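Everything below concerns the one structure shown next.
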Amino acid sequence: MIRVVVLAPIDNSLYARLVCFRLRQEREIQLAGIVVRSPWNLKRFLSEINRDGVRLLRKVVEKGIRGDTRFADIPAENLARLAVNWELPFSSLKKLAAEYNIPYLVVSDHNHMKSEEFLQQVSPDLMVFTGGGLIRKNILAIPSIGILNCHTGILPEYRGMDVVEWTAAEGQVENIGFGATLHLMDKGVDTGPILKTAVIDPGIAKSFEQIRAKLEVEMVGLMLDGVRGFRDRTITRKTQGANEGRQYYVMHPRIKEFAKHQLLRQTKNR
Amino acid sequence: MGGRINLAGLVDILLGFFDRHHTQEEVRVFLVSEYQSILEKKHDVENLYPFLGILSLLLAKLGWIEKLDSFDMDEIQTNSDLDEAIRWMEKLYGGHVISQSVVVAGAGENLDVLDSHRTKEDFVAAEAELLLRHVEYRRRKSMNEFSDDLSKEQVLKEKTNLSIFFSHHAMRYNDLRFLNAAFKLNEWLMGAYRKMRENDLRLPFLLALAEQEYAAQEMLR
Numbered sequence: 000m001i002r003v004v005v006l007a008p009i010d011n012s013l014y015a016r017l018v019c020f021r022l023r024q025e026r027e028i029q030l031a032g033i034v035v036r037s038p039w040n041l042k043r044f045l046s047e048i049n050r051d052g053v054r055l056l057r058k059v060v061e062k063g064i065r066g067d068t069r070f071a072d073i074p075a076e077n078l079a080r081l082a083v084n085w086e087l088p089f090s091s092l093k094k095l096a097a098e099y100n101i102p103y104l105v106v107s108d109h110n111h112m113k114s115e116e117f118l119q120q121v122s123p124d125l126m127v128f129t130g131g132g133l134i135r136k137n138i139l140a141i142p143s144i145g146i147l148n149c150h151t152g153i154l155p156e157y158r159g160m161d162v163v164e165w166t167a168a169e170g171q172v173e174n175i176g177f178g179a180t181l182h183l184m185d186k187g188v189d190t191g192p193i194l195k196t197a198v199i200d201p202g203i204a205k206s207f208e209q210i211r212a213k214l215e216v217e218m219v220g221l222m223l224d225g226v227r228g229f230r231d232r233t234i235t236r237k238t239q240g241a242n243e244g245r246q247y248y249v250m251h252p253r254i255k256e257f258a259k260h261q262l263l264r265q266t267k268n269r
Numbered sequence: 000m001g002g003r004i005n006l007a008g009l010v011d012i013l014l015g016f017f018d019r020h021h022t023q024e025e026v027r028v029f030l031v032s033e034y035q036s037i038l039e040k041k042h043d044v045e046n047l048y049p050f051l052g053i054l055s056l057l058l059a060k061l062g063w064i065e066k067l068d069s070f071d072m073d074e075i076q077t078n079s080d081l082d083e084a085i086r087w088m089e090k091l092y093g094g095h096v097i098s099q100s101v102v103v104a105g106a107g108e109n110l111d112v113l114d115s116h117r118t119k120e121d122f123v124a125a126e127a128e129l130l131l132r133h134v135e136y137r138r139r140k141s142m143n144e145f146s147d148d149l150s151k152e153q154v155l156k157e158k159t160n161l162s163i164f165f166s167h168h169a170m171r172y173n174d175l176r177f178l179n180a181a182f183k184l185n186e187w188l189m190g191a192y193r194k195m196r197e198n199d200l201r202l203p204f205l206l207a208l209a210e211q212e213y214a215a216q217e218m219l220r
């Protein structure tokens, strides 16, 4: 039996709900706790507004207000369709936790002492990170195996932010491609040991939104495969060299515009 | 859907209003008009002749002005003293241009000189990466603290020098991440520019913008 705790960015996170729902059905996996980051936190707001600027407004509306309905405009495979296929009955992690009697905690920050105390008490073998900011040493050290994270890009080449767009902007759709990478978290940004990668066919999508939507579906599968892999002791770790990849940052609108053209140019013959 | 409030559309409108970035056309109009206004009072900026000359050359390369014969390009020299840059590098405390969020004065200018001579390449690449990370994480606050006690004007010059280094480095290594950071730095500087009265502050910023646009023209096509 492997004990797992899920860290979520917000209570209605569909990605986290799908992962929790499926983990709960797996043999020899105990979903031992769910920790959710509260959106009502000034420190979080200031940190995210510093990083995203007014684009944070879009994130708040999309994830906080529109919730699952935001997928309605996306014609490609997406998390909402997966939720329908899986007949996911829960609209929040709180409801899922209550139904299955899973310890549930809301914190202002995943690194907060309250979170640390809860996790020390639950003592998980493995933690599953589905979002909610940087994770500090105090939390990284708690699970005996580590913390799983799924990155929406190919590692080690594309670490950091907006990597779907950066891959297109740098003309690497053919060579490196779009994909998601499951890895163990360490103190760096997307620098921990790689466990598994899923590459998607860029021909299926003609916009960054569609690619991201497809990648989110892949991430659910990768995360579940990762937990099963540790349970069955079948997973292997590939250490990343510090200089193997580069870190990318929030893309400026002028480069994003260029990236859109580059995407169309690189996928037009597919 | 007639009656349905389209939240996503509303957000796009709001973001379009607040999330202003300068398009290439806006930058072109701004640069050419500022350049012409300075050129009309050329006698006031004789000591800034090199800046004006390079600016004129860049604007001509961009195809935004006719090439001006009034500048003798042979006379236009930048202060690219390699020996001085190496001495600056050797004196760096801890061997880095940034330590605990404090940037060493002269970082942008000296790294650009070393970079242009393709000297100390490993050092320049590592320090450029550190500065990039610093600017991207600390954003507007990134260039507020320097190792030396600099005046407000000197701080502005440090910022424009860093932006110029980023644009040059982006082109030299075909690395769009640095052009991305130059776009951001220059947008943050634009607010400060509006309050600048002296041409010795205005010209370096205009040059930084022109370098950004030249790099963009070369790289974003």
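Chains A and B are the protein sequences, given in the same order. So the first sequence is numbered by numbering that gives the first Met the number 0: it starts at 0 and just counts up by one. So the second sequence is numbered by numbering that gives the first Met the number 0: it starts at 0 and just counts up by one. Every residue, glycine too, gets a C-beta built ideally from N, C-alpha and C. Keep in mind that this is a model prediction, so the values were computed, not measured.
Proximal chain A residues relative to H133/B, where beta-carbon distance stays under 9 Å: Working through the second sequence from its first residue, we reach residue 133/B at position 134. Correct list: empty, because the minimum Cβ distance to chain A is about 11 Å.
Taking the CB atoms as reference points, tell me whether R110/A and N77/A lie closer together than 9 Å. Within the first sequence, residue 110/A is the residue found at index 111, counting from 1. Within the first sequence, residue 77/A is the residue found at index 78, counting from 1. Contrary to the premise, residue 110/A reads as Asn rather than Arg in this sequence. Not in contact: N110/A and N77/A (Cβ atoms no closer than 9 Å).
The stretch 104 to 118 of chain A contacting the stretch 243 to 256 of chain A, beta-carbon criterion three pairs below 8 Å: Segments in contact, no.
Please report how far the alpha carbon of A10/A lies from the alpha carbon of T68/A, in whole angstroms. As a position in the first sequence, residue 10/A is number 11, starting the count at 1. As a position in the first sequence, residue 68/A is number 69, starting the count at 1. Strictly speaking, residue 10/A in this sequence is Asp, with Ala absent from that position. For D10/A and T68/A, the gap between their C-alpha atoms comes out near 16 Å.
Quick check: what's the CA-CA separation for L126/B versus Q24/A? Taking the second sequence and counting its residues from 1, one reaches residue 126/B at position 127. Taking the first sequence and counting its residues from 1, one reaches residue 24/A at position 25. The question names Leu, but residue 126/B in the sequence shown is Glu. E126/B and Q24/A have their C-alpha atoms roughly 49 Å apart.
Spatial neighbours of H150/A within its chain, please: C-beta separation below 7 Å, excluding the five flanking residues on both sides. In the first sequence, residue 150/A corresponds to position 151, counting from 1. Within the same chain, Cβ atoms closer than 7 Å to the Cβ of H150/A are found at A179, T180, H182 and D189, the five residues on either side in sequence being excluded.
Please confirm if A59/B has its CB atom under 9 Å from at least one CB of chain A. Within the second sequence, the letter at position 60 stands for residue 59/B. Contacts with chain A at 9 Å (Cβ-Cβ) do not include A59/B.
DSSP three-state call for A197/A: helix, strand or coil? Start at 1 with the first residue of the first sequence, and residue 197/A comes out as number 198. Three-state result, A197/A: strand.
Would you call I1/A buried or exposed, if buried means 16 or more other Cβ atoms sit within 10 Å of its Cβ? If you number the first sequence from 1, residue 1/A lands on position 2. The residue in question, I1/A, is buried, as its Cβ has 16 or more Cβ neighbours within 10 Å.
Does the stretch 117 to 132 of chain A come close enough to the stretch 161 to 171 of chain A that 3 or more CB-CB pairs lie under 8 Å? Taking 8 Å as the limit for Cβ pairs, the verdict is that the stretch 117 to 132 of chain A does not touch the stretch 161 to 171 of chain A.
I210/A versus G152/A: straight-line alpha-carbon distance, rounded: On the first sequence, position 211 is the one that residue 210/A refers to. On the first sequence, position 153 is the one that residue 152/A refers to. Cα to Cα, the separation comes out at about 11 Å.
Residue ranges of each alpha helix (DSSP H) run of no fewer than 4 residues wholly in the stretch 99 to 129 of chain A, ordered along the chain? Within the stretch 99 to 129 of chain A, the runs of alpha helix (DSSP H) that reach at least 4 residues and sit entirely inside it are, in chain order, 112 to 121.
Among S122/A, E256/A and E86/A, nearest to F207/A - alpha-carbon criterion: As a position in the first sequence, residue 207/A is number 208, starting the count at 1. The residue with the shortest Cα to Cα distance from F207/A is E256/A.
Do H20/B and P252/A have their CB atoms nearer than 9 Å? Indexing the second sequence from 1 puts residue 20/B at position 21. Indexing the first sequence from 1 puts residue 252/A at position 253. A contact, by the Cβ cut-off of 9 Å.
Is T22/B close to chain A? Criterion is C-beta to C-beta, closer than 9 Å. Within the second sequence, numbered from 1, the residue matching residue 22/B stands at position 23. Under the Cβ distance rule, T22/B counts among the residues neighbouring chain A, one pair being separated by less than 9 Å.
In chain order, what residues of the same chain lie with their CB nearer than 6 Å to the CB of W87/B, ignoring the 5 residues before and after it? Against the second sequence, residue 87/B aligns to sequence position 88. So the qualifying residues of the chain are G105 and N109.
Identify which residue in F229/A, V172/A, G228/A and R158/A has its Cα closest to the Cα of A241/A. Locating residue 241/A in the first sequence gives position 242, counting from the first residue. Of F229/A, V172/A, G228/A and R158/A, the residue nearest in Cα terms is R158/A.
Could you give the DSSP three-state label for L51/B: helix, strand or coil? Along the second sequence, one-based indexing puts residue 51/B at 52. In the structure shown, L51/B sits in a helix (DSSP, three-state: H, G or I).
Mind checking if N179/B is an interface residue toward chain A, Cβ cutoff 9 Å exclusive? Numbered from 1 along the second sequence, position 180 holds the residue referred to as residue 179/B. It does: the Cβ of N179/B has a partner Cβ on chain A nearer than 9 Å.
Under a three-way DSSP split, which group does G310/A fall into? Nothing about residue 310/A can be reported from this structure: the residues present for chain A run from 0 to 269 only.
Whose C-beta lies closer than 8 Å to the C-beta of V121/A among residues of the same chain, with five residues either side of it excluded? To locate residue 121/A, count along the first sequence from 1; it is residue 122. A distance below 8 Å between beta-carbons, with the five flanking residues on each side excluded, links V121/A to the following residues of its chain, in chain order: R2, V4, A31, G32 and P102.
Within the 9 Å Cβ cut-off, does L175/B reach chain A? The residue given as residue 175/B occupies position 176 in the second sequence. For L175/B, at least one C-beta of chain A is nearer than 9 Å to its own C-beta.
Going along chain A, which residues have a C-beta under 8 Å from L219/B? As a working mapping, residue 219/B is identified with position 220 in the second sequence. What L219/B touches in chain A: R253, I254 and F257.
Compute the beta-carbon to beta-carbon distance between N160/B and G107/B, rounded to the nearest angstrom, for a pair I have assumed lies under 8 Å. Here residue 160/B is taken as the residue at index 161 of the second sequence, counted from 1. Here residue 107/B is taken as the residue at index 108 of the second sequence, counted from 1. With a Cβ gap of about 3 Å, N160/B and G107/B count as contacting.
Thinking V219/A and L118/A are a contact (beta carbons under 8 Å), I'd like their distance in whole angstroms, please. Translated into positions along the first sequence, residue 219/A becomes position 220. Translated into positions along the first sequence, residue 118/A becomes position 119. Approximately 23 Å separates the beta-carbon atoms of V219/A and L118/A; this is outside 8 Å, ruling out the contact.
Check this for me: beta carbons of L149/B and H116/B, under 9 Å apart or not? As a position in the second sequence, residue 149/B is number 150, starting the count at 1. As a position in the second sequence, residue 116/B is number 117, starting the count at 1. No, these two residues do not count as a Cβ contact at 9 Å.
Nearest-angstrom Cα separation, counted from L208/B out to N173/B: Start at 1 with the first residue of the second sequence, and residue 173/B comes out as number 174. Start at 1 with the first residue of the second sequence, and residue 208/B comes out as number 209. Spanning the two alpha carbons is a distance of roughly 18 Å.
Just the chain B side, please: which residues come within less than 7 Å of A168/A by C-beta, in chain order? Taking the first residue of the first sequence as position 1, residue 168/A is located at position 169. Those are L175, listed as they occur along chain B.
T151/A by DSSP, collapsed to three states: which one? As a working mapping, residue 151/A is identified with position 152 in the first sequence. The answer is coil: DSSP assigns T151/A none of H, G, I, E or B.
DSSP three-state assignment for R3/B, whether helix, strand or coil: Here residue 3/B corresponds to residue number 4 of the second sequence, with the count starting at 1. Its pLDDT being 46, under 50, R3/B is placed unreliably by the model, and nothing is read from it.
Is the CB of A215/B under 9 Å away from at least one CB in chain A? Here residue 215/B corresponds to residue number 216 of the second sequence, with the count starting at 1. Answer yes: the Cβ-Cβ gap between A215/B and chain A drops below 9 Å somewhere.
Please report the distance separating the alpha-carbon of M0/B from that of A97/A. On the second sequence, position 1 is the one that residue 0/B refers to. On the first sequence, position 98 is the one that residue 97/A refers to. A caution first: M0/B carries a pLDDT of 40, below 50, which makes its placement in the model unreliable, though a value can still be read off. Taking C-alpha positions only, M0/B is separated from A97/A by approximately 37 Å.
Can you round the beta-carbon distance between L221/A and A197/A to whole angstroms, since I take them to be within the 8 Å contact cut? One-based indexing of the first sequence puts residue 221/A at position 222. One-based indexing of the first sequence puts residue 197/A at position 198. Contact between L221/A and A197/A holds: their C-beta atoms lie close to 6 Å from each other, under 8 Å.
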